[in-house]
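Each protein sequence line maps, in turn, to chains B and X. Reminder that position 272 of the first sequence reads as 1174 in our numbering, one-by-one numbering, no gaps. Reminder that position 201 of the second sequence reads as 229 in our numbering, one-by-one numbering, no gaps. Cβ atoms here follow ideal geometry from the backbone N, Cα and C, with glycine treated the same way. These notes concern the structure reproduced below.
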Amino acid sequence: MLTELFLAGRYLIPRRSAVSLITVTSIVGVMLGVTVLMVVLAVMTGFTDLMKSKLVETQAHFQIRHYRYAISDPSQIVAAVRNAGGTAAPVIQSGILVQYGNNRLDTRVVMFGASERDLDRHLGLGKKLVRGKVDLKKRHVVISSAMADRWGLTVGDKLLFHSAQKLTDLVEFRPDGGVALSKKGAAYLPTEFTIAGIYSMGKYDFDSTVLFAGADDAAELVDLPWGAATSVFGWGPDAFNQKALVERIRKTLPPGYIVATWEESNRRLLGVLAVEKRMMFFLLIFIVLVAAFSIANTLITSVYQKTREIGLLKAIGATDGMVTRVFIAQGFLIGVIGSGAGSLLGWLVIFFRNDALRLVSKWTHMELFPKEFYYFNELPAHIVAGDVLFIVISSIVLCTVGALLPALRAASLDPARALRYE
Amino acid sequence: MMKNTTENMLEVAGLKRSYRLGNNVLHVLRGVDLILKTGEWCCVFGASGSGKTTFLNLVGALEKPDGGTIRIAGEDISGLGRRTAARFRARRIGFVFQNYQLLPELSILENVTLAARFGGASIPEAGRRAKELLAAVGLADRLRHRPNELSGGEQQRAAIARALVNSPDLLLADEPTGNLDSKTGEEVIRLFGKLRADDPTLTILMITHNRDLAAFADKTVELVDGRLK
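Listed below in structure tokens is the structure:
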């Protein structure tokens, strides 16, 4: 095989003909394909990692709730989580209607009711504060900077909260199917809250919907008894490796309780990200496939150009297998050199990606990743060794397979005819 | 390498070969018989298109005959498969062509070494033999040169070195002086003579239309109408 590799190398880098230029073009084709694949997959992985870290930052590692009822005594659940090796906090989570400004209504708001200590400890609310303070005493809330901008309000301003529960209590169905004002609803008034602080978690979905209130206020708004919670938020030592902990908790909980990890709660988003990455690989591998076709073309041309030489090789004793290996080795070498150079170029592009983006932004006067949507100023990227290995192996295999047809054509040549070829 | 020293190195009997050209069949060889003793030098003359190269290709196991037998050192090669024929050519036959047929991408040392590798020699052994033979043909100082950097005579000498690197039983030469001027051609023929003097078992079958070469040969035959006379 050494002899075949030696010959393949010499055919790839001849000193006297334009074939070397064709070889360089083939290698560049593979190199660009590998570079694009590597950069795109690294950015996709980096983006997924960033999304996951943002999800973990703004959510509990897992949530426990009863499949039907609110949790009347969350302290038992909190204790079960602690015994299993995690930490937990009872939370009242409910959609509310926010009335602000000149009788305008925002229907997209979710209220998290919990103690200041838990919010600060688990969500790091204190560190995420941009104005005011985390002061969730009676009738005080912490809203997001996105809400503050949307509503045109700031620290110290007032808001009215309408409880969805109390609004539904306003009306009742009559026995004849009609709707009437209920007796208990007649006394309902929205609750006034003062903005104590403004936070920014750096995650668009979260910031545009979630505000924080004290546990007692939240319980009152959703009509829960004192001390009850809609769910218990839990955290383990490692959000990305908590299978065993969750299993332990599941075993100790009374029947009717559901434990949903952050991955399960965001299965759809994470699934989309994973599918996107696979699709990008599938689509971009076509670049390498095209490069492989170009290699096949180059080698087919080479076989015709070298027909007499192939005849000579056979005349002096090269078997069909040796000739096949010489041409397959050319495809293999192009694949190895192209994917090696492509990996290196890909690494350089990823390393200098943000400098390049800044230049493009400067030239085009466009913000490529608006912060209000993405919450990152720099393009994330994470090179996964397994991804690079997969790209390199796929490229080498495609290039080698691309050389198969010309190799078989070369091997099938009749030596006597090939020697006479003009 | 050990060589076969049977009395008859080449025995050709009733050799036939024809080609189909559209609806016509062209009978090139119609029953060729030839016997060459070990160490004999035979020149085959013939007009253009008389079938000399076809005869050489058949003896060199590059083609299969339609009929008849070819024995080299007692071994029938007329029915060899492609792989076995390739192995046989590598170890037992040396080819010298009119237009030298050296691989242009390789130096002459690499050209000769490659043939030795095909013959089964290890890399160091192949290199050693190639250097030795290139020195024997007077190219010791041109080892790293590529064919296009050499004159026609030098290229043909390198091709002869390549043909002999596996100590073949039979050296087949197809118009070896055809592309050379008369002086260089004579030098090449004298080289054949010198090599045979060094190795008296070397059997040479040379195809040519140059009648002057008859003086160097032990035996001359002429291919006329598909038969040897």
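Exercise for review: State the Cα-Cα distance for the pair Gly1099(B) and Gly997(B), rounded to the nearest angstrom.
Suggested key: Position 197 of the first sequence, counting from 1, holds the residue named residue 1099(B). Position 95 of the first sequence, counting from 1, holds the residue named residue 997(B). Their backbone Cα atoms lie some 20 Å apart in a straight line.
Point to revise | Gly77(X) classed as buried or exposed, judged by whether at least 16 other C-beta atoms fall within 10 angstroms | key: Here residue 77(X) is taken as the residue at index 49 of the second sequence, counted from 1. Label assigned to Gly77(X): exposed.
Exercise for review: Name, going along the chain, the residues of the segment 145-157 of chain X whose beta-carbon falls closer than 8 Å to a beta-carbon of chain B.
Suggested key: Arg145, Phe146, Gly147, Ile151
Review point. From what residue to what residue does the beta strand (DSSP E) around His1024(B) run?
Key: Counted from its first residue, the first sequence places residue 1024(B) at position 122. Counting along the chain, His1024(B) falls outside any beta strand (DSSP E), though it belongs to the alpha helix (DSSP H) covering 1018-1025.
Review point. Counting only beta-carbon atoms, is Thr1203(B) nearer than 8 Å to chain X?
Key: Looking up residue 1203(B) in the first sequence gives position 301. It does not; no Cβ of chain X falls within 8 Å.
Practice item. For Ser1263(B), count neighbouring C-beta atoms within 10 Å of its own C-beta (all shown protein chains included) and say buried if the count is 16 or more, exposed if not. Key: The residue labelled residue 1263(B) in the question sits at position 361 within the first sequence. With fewer than 16 other Cβ atoms within 10 Å, it is exposed.
**Study point:** Near-chain X residues of the segment 1291-1321 of chain B - C-beta to any C-beta below 7 Å
**Key:** Taking 7 Å as the Cβ-Cβ cut-off against chain X, the residues of the segment 1291-1321 of chain B that qualify are Pro1317, Ala1318.
Review point. Which residues in the same chain as Thr947(B) place their Cβ atom closer than 6 Å to its Cβ, once the five residues preceding and following it in sequence are excluded?
Key: Within the first sequence, the letter at position 45 stands for residue 947(B). If we look at Thr947(B) and ignore the five residues flanking it on each side, its Cβ neighbours are His1284, Val1286.
**Study point:** Proximity to Asp1289(B) [Cα-Cα], best of Ala1313(B), Met940(B), Leu1171(B), Asp1118(B)
**Key:** Counting from one through the first sequence, the residue named residue 1289(B) turns up at place 387. Of the listed residues, the one whose Cα sits closest to Asp1289(B) is Met940(B).
Point to revise | Test: Thr905(B) CB closer than 8 Å to a CB of chain X | key: Against the first sequence, residue 905(B) aligns to sequence position 3. Yes - at least one Cβ of chain X is within 8 Å of the one on Thr905(B).
Practice item. Look at the alpha carbon of Leu1091(B) and the alpha carbon of His1064(B), and state the distance between them as a whole number of angstroms. Key: For the purposes of this step, residue 1091(B) is taken as the residue at position 189 of the first sequence. For the purposes of this step, residue 1064(B) is taken as the residue at position 162 of the first sequence. Answer to the nearest angstrom: the Cα atoms are 8 Å apart.
Check your understanding: If you measure from the beta carbon of Phe83(X) to each beta carbon in chain B, is any gap under 8 Å?
Key -> The residue you call residue 83(X) lines up with position 55 of the second sequence. Judged by the 8 Å Cβ criterion, Phe83(X) is not in contact with chain B.
Review point. Can you list the beta strand (DSSP E) stretches of 3 or more residues lying completely in the segment 41-125 of chain X, in chain order?
Key: For the segment 41-125 of chain X, the full-length beta strand (DSSP E) segments reaching 3 residues or more read 52-65, 69-73, 95-100, 121-124 along the chain.
Check your understanding: Looking at chain B, which residues of the segment 203-233 of chain X have a Cβ within less than 9 Å of any of its Cβ atoms?
Key -> none
Review point. So who's on the other strand from Trp1137(B), going by DSSP bridges?
Key: Along the first sequence, read from residue 1 onward, the residue named residue 1137(B) stands at position 235. Partner(s): Thr989(B).
Check your understanding: Would Asn194(X) be called buried (16 or more neighbouring beta carbons within 10 Å of its own) or exposed?
Key -> Numbered from 1 along the second sequence, position 166 holds the residue referred to as residue 194(X). Per the 10 Å Cβ criterion, buried.
Check your understanding: Does the separation of the CB atoms of Leu43(X) and Val60(X) fall below 8 Å?
Key -> Numbered from its first residue, the second sequence carries residue 43(X) at position 15. Numbered from its first residue, the second sequence carries residue 60(X) at position 32. At a Cβ-Cβ threshold of 8 Å, Leu43(X) and Val60(X) count as neighbours.
Practice item. Determine the contact status of Val936(B) and Ser1297(B), defining contact as a CB-CB distance below 8 Å. Key: The count along the first sequence starts at 1 and reaches residue 936(B) at position 34. The count along the first sequence starts at 1 and reaches residue 1297(B) at position 395. Yes. Within cutoff.
Check your understanding: Would the segment 160-179 of chain X and the segment 136-152 of chain X be scored as touching if the rule is three or more Cβ pairs under 8 Å?
Key -> Here the segment 160-179 of chain X makes contact with the segment 136-152 of chain X; the two share three or more CB pairs at distances below 8 Å.
Point to revise | For Glu39(X), the three-state DSSP class (helix, strand or coil) | key: Counting from 1 along the second sequence, the entry for residue 39(X) is found at position 11. Of the three classes helix, strand and coil, the one that applies to Glu39(X) here is strand, per DSSP.
Review point. When the cut-off is 8 Å and only beta carbons count, does Ala1198(B) lie next to chain X?
Key: Here the question's residue 1198(B) lines up with position 296 in the first sequence. With 8 Å as the cut-off, Ala1198(B) does not count as an interface residue toward chain X.
Check your understanding: For Thr1132(B), which three-state DSSP category applies?
Key -> Residue 1132(B) sits at position 230 when you count from the first residue of the first sequence. In the structure shown, Thr1132(B) falls within a coil segment according to DSSP collapsed to helix, strand and coil.
Review point. Buried or exposed: which applies to Asp1020(B), given that a residue is buried once 16 or more other Cβ atoms fall within 10 Å of its Cβ?
Key: Translated into positions along the first sequence, residue 1020(B) becomes position 118. Flag for Asp1020(B) reads buried.
Check your understanding: What runs of the alpha helix (DSSP H), each 4 residues or longer, lie entirely inside the segment 1269-1321 of chain B?
Key -> 1273-1276, 1287-1304, 1306-1314
Check your understanding: Whose C-beta lies closer than 6 Å to the C-beta of Thr1304(B) among residues of the same chain, with five residues either side of it excluded?
Key -> The count along the first sequence starts at 1 and reaches residue 1304(B) at position 402. Looking at the sequence shown, residue 1304(B) is not Thr but Gly. Ala1194, Ile1197, Ala1198, Gly1233, listed in sequence order.
Practice item. Return helix, strand or coil for Ile998(B), following the three-state DSSP convention. Key: Along the first sequence, one-based indexing puts residue 998(B) at 96. In this structure, Ile998(B) counts as strand in the three-state DSSP scheme.
Point to revise | Whole-number beta carbon distance between Val932(B) and Gly1248(B), since they are thought to touch under 8 Å | key: Within the first sequence, numbered from 1, the residue matching residue 1248(B) stands at position 346. Within the first sequence, numbered from 1, the residue matching residue 932(B) stands at position 30. Actually they are not in contact, since the Cβ atoms of Gly1248(B) and Val932(B) sit about 12 Å apart, beyond 8 Å.
Check your understanding: What does Glu1211(B) reach in chain X if we use C-beta pairs closer than 9 Å?
Key -> For this step, residue 1211(B) is matched to residue 309 along the first sequence. Result: Gln129, Leu131, Pro132, Glu133.
Check your understanding: At least one CB of chain X closer than 8 Å to the CB of Thr950(B): is that the case?
Key -> Here residue 950(B) refers to the residue found at position 48 of the first sequence. No, because no Cβ of chain X sits closer than 8 Å to the Cβ of Thr950(B).
**Study point:** chain X contacts from the segment 1213-1229 of chain B (Cβ-Cβ distance under 9 Å)
**Key:** Gly1213, Leu1214, Leu1215, Lys1216, Ala1217, Ile1218, Gly1219, Ala1220, Thr1221, Asp1222, Gly1223, Met1224
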